[in-house]
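Novice: Under my numbering, read the sequence shown as residues 9 to 259, first letter to last.
All C-beta atoms, glycine included, are put in the ideal place defined by N, C-alpha and C.
Owing to the predicted nature of the structure, the values given are computational and were not obtained by experimental measurement.
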Amino acid sequence: GNSNHNDDLYRLASENPWLKNLAHLCLAYNITRQDGMEKTAINIHNRIKQQLNLKGFETGLKQYGTGEEGIDEEYKSSIVFPADEESKGPNQEKQMNEIMKVINSFLNTVGGTLYIGVNNFGLGVGVEEDLNSPLYYGDKDKYLLTISNAVSLKWGNIVATYIESIAFDFENKDKDVVIVKIKPLAQGIDYDGYWYVRVGSTKRKLNKEEFEEYQKYNRTLTKIQVQEVPESAVHIQPEQPIEQPVSTPLI
């Protein structure tokens, strides 16, 4: 990402046939970044990582989204295994808590897409480890139900309709990746007493007063067709019992 090295990269591309393609990619990355072509630069950056065959960058992995998390895009590698180094082994309750916060942040902002089985650089690494765990034994339908049921149990069936779609990416024949599309909820909704909102590629935790101020001054839904849910319906639980999530219910 340092344009000061462009001359070295030109020389390397002409002198070393083994590194020619890599040097050309690095040059293209520097030039596109310098010209403000961020999306193109991100794609080139991911191609560089693939060519270097860095850990988590298998050759041929499908690219999801822009390759960079943003206000309406987030990547999670699992619903079973937490990403933090303190967690050892599966802990679906803890990881689903993080998944629900992401969903809540999309509901409270402009909606978005949550990719599960995708690493931090937007490459589809798959959820095979989740599916092969004793929680699922390869049952993909049960896997999807864990997510949809968690939303229904937390916020009711009406809010659950704001999960526009949840499915495995059938076009990816190599890796099992789940795509969850979420619509924005006009009046917003809390998750365990707090409202999560998107700020760039992160989510921010707000109390009720802070969220009301955010709704009034910062949230813009003018370009998105949204329909308010009656307040009386927001926390209604489903009349018919539905299958419980595999994990312990979220607190």
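Does residue 142 pass the burial test, meaning 16 or more other C-beta atoms within 10 Å, or should it be called exposed?
Specialist: Residue 142 comes out exposed.
Novice: Could you tell me whether the stretch 221-228 touches the stretch 131-151, where touching means 3 or more Cβ pairs closer than 8 angstroms?
Specialist: No, they do not touch.
Novice: Measuring only the C-alpha atoms, how far is residue 74 from residue 113?
Specialist: Cα-Cα distance, rounded: 19 angstroms.
Novice: Taking Cβ positions, are residue 208 and residue 78 nearer each other than 8 angstroms?
Specialist: In contact: residue 208 and residue 78 (Cβ atoms closer than 8 angstroms).
Novice: With distances taken Cα to Cα, identify the nearest neighbour of residue 177 among 166, 89, 170 and 123.
Specialist: The residue with the shortest Cα to Cα distance from residue 177 is 123.
Novice: Which class does residue 229 belong to by DSSP, given the choice of helix, strand or coil?
Specialist: In this structure, residue 229 counts as coil in the three-state DSSP scheme.
Novice: Per the contact definition of three or more C-beta pairs closer than 8 angstroms, is the stretch 26-38 in contact with the stretch 94-104?
Specialist: Because the criterion of three Cβ pairs below 8 angstroms is not met, the stretch 94-104 and the stretch 26-38 do not touch.
Novice: When the distance is taken between beta carbons, is residue 167 closer than 8 angstroms to residue 139?
Specialist: The answer is no: Cβ separation not under 8 angstroms.
Novice: Rounded to whole angstroms, what's the CA-CA distance from residue 231 to residue 189? Just pull it up for me.
Specialist: Any reading at residue 231 needs caution, since the residue's pLDDT is 49, under 50, leaving its predicted position unreliable; the model's value is listed next. Taking the straight line joining both Cα atoms gives about 17 angstroms.
Novice: How far does the alpha helix (DSSP H) with residue 74 in it extend, from its first residue to its last?
Specialist: Careful: residue 74 lies outside any alpha helix (DSSP H) and carries neither H nor E.
Novice: Nearest by alpha-carbon distance to residue 53: which of 129, 99 and 83 is it?
Specialist: Of 129, 99 and 83, the residue nearest in Cα terms is 129.
Novice: Residue 212: which of 164, 172 and 110 sits nearest, CA to CA?
Specialist: Nearest of 164, 172 and 110 to residue 212, Cα basis: 110.
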